[in-house]
Amino acid sequence: MARRGSAFFSRHPRLRLGFLIAAPLLWLGIVYVVALAALLVTAFWSVDSFTGEITQSWTLDNIITVLTGSLYQVVTLRTVGVALLVTVIDVLIALQIAFFMAKVAGPRMQRILVIAVLMPLWASYLVKAYAWRSVLSQDGILQWLLTPFGGSTPGYGLTATIITLSYLWLPYVILPIYAGLERVPDSLLEASGDLGGRTWMTLRLVTLPLIWPAIIAGSIFSFSLSLGDYLTVNIVGGANQMLGNLVFTNVGAANNLPLAAAIALIPIAIIFGYLALVRRTGALDNL
């Protein structure tokens, strides 16, 4: 029986491929698509003000509240601004580290640097966030280092949130850019130098266009992860809130799942818009 099945699938490669990917696609459909659809549906329900129970009657009140409420508009702008700043900072830092790893360091040093980049991923998210809380506190090591020079720690707030998120997501940006730079032939860089191209001209006209898809891939990680984060803001953000905090508050303390679902649709829509914008540039075609 097994031999017959093997012979049948060997004669039908497309059917064999479909059989192999059926289970992962089914799991993805159940876990991701169905959950996303359930979230969308929940956003159109309401909560009974007397009993606190969810009323499964269709209404646009939650969507209107989220779109027109000044609180949600301010928090949305703050969240997008933080995510963009984190992405820009990570890309700028990752470009330098990845270029050194791919084009300057020797094979042994490359392996050491790759391990060094991956090591923070082995530690707990909460441990790293609380470590930055300790560093940025008024009695932390950063304050101790800056005091002799007349400086001071930024303390807890949006600056601390940006610093911590930039640290947390930096490895996710370095690795795609490093992989992209490894695929750039050294002969192209040497040819640019032979033709009179200076360092910055070579980077701008030769290297950046070739690794642009890798930069986009890294930016998707940092932007999307920052957009949905809420723990870091709770730990180092002081009194500031982001969209994730509003979702958490409405699910937990307020017990208003429909409103939380409506708020959660904002980062989902932003991410889909960002992916559509990136897709139109053609940067994802060569990923």
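Residue 1 is where the sequence shown starts when you use the UniProt record's numbering, and the numbers rise one by one after that.
C-beta: ideal position from N, C-alpha, C; glycine also.
If contacts are defined as beta-carbon pairs under 8 Å, then residue i and residue j qualify, I think. What distance do you get, rounded to the angstrom?
| i | j | result |
| --- | --- | --- |
| L165 | V86 | 5 Å |
| V80 | I270 | 7 Å |
| Y156 | V236 | 5 Å |
| T232 | A129 | 5 Å |
| L243 | T59 | So it is not a contact: roughly 21 Å between Cβ atoms. |
| M101 | L113 | 5 Å |
| I163 | W132 | 7 Å |
| I216 | V127 | With 8 Å as the limit, I216 and V127 do not qualify as a contact, their Cβ atoms being about 30 Å apart. |
Got a sec? Which residues, its chain only, sit under 8 Å from residue i by beta carbon, not counting five neighbours each side?
| i | result |
| --- | --- |
| L189 | K103, T202, V206, T207 |
| G151 | none |
| I89 | I162, S166 |
Which same chain residues, not among the five before or five after residue i, have their C-beta less than 7 Å away from its C-beta?
| i | result |
| --- | --- |
| A179 | A214 |
| I54 | W45, V47, L257, P258 |
| A264 | L39, V247 |
| A94 | L170, V173, I174, I177, G218 |
| V184 | T207, L210, I211 |
| T42 | L257, P258, A261 |
| Q56 | W45 |
| F99 | L181 |
| I97 | I174 |
| P154 | L136, A160 |
| L142 | V135, L136, T153 |
| L121 | P171 |
In terms of residue numbering, what span does the alpha helix (DSSP H) encompassing residue i cover?
| i | result |
| --- | --- |
| R111 | 107–122 |
| G81 | 70–99 |
| N245 | 243–251 |
| G141 | According to the sequence provided, residue 141 is Ile. The question's Gly does not apply to it. Unbroken alpha helix (DSSP H) run through I141: 141–146. |
| A214 | 208–228 |
| R204 | Segment: none, R204 is in no alpha helix (DSSP H) and carries neither H nor E. |
| V135 | 125–136 |
Tell me the DSSP secondary structure of residue i in three-state form.
| i | result |
| --- | --- |
| S46 | strand |
| T55 | strand |
| G238 | coil |
| S152 | coil |
| L39 | helix |
| G273 | helix |
| A62 | Checking the sequence, you will find Asn at residue 62 rather than Ala. Correct three-state label for N62: helix. |
For residue i, which residues from the same chain have a beta carbon less than 6 Å from its beta carbon, with the 5 sequence-adjacent residues on both sides left out?
| i | result |
| --- | --- |
| L158 | N240 |
| N62 | A43, P258, L259, A262 |
| A83 | F223, S226, L227 |
| S134 | G140 |
| R78 | none |
| N250 | N256, L259, A260 |
| L192 | Looking at the sequence itself, residue 192 is Ser, so the reference to Leu does not match. T202, V206, listed in sequence order. |
Within the 8 Å Cβ cut-off, does residue i reach chain B?
| i | result |
| --- | --- |
| N256 | Within the model displayed, chain B is absent; a lone protein chain is all it includes. |
Cβ of residue i versus every heavy atom of the ligand ZN: is any distance shorter than 7 Å?
| i | result |
| --- | --- |
| L126 | Only the bare structure without any ligand can be found here, which leaves the ligand ZN out of the picture. |
*Hey, which unbroken runs of the alpha helix (DSSP H) at 4 residues or more fall wholly within the stretch 162–201?*
186–194
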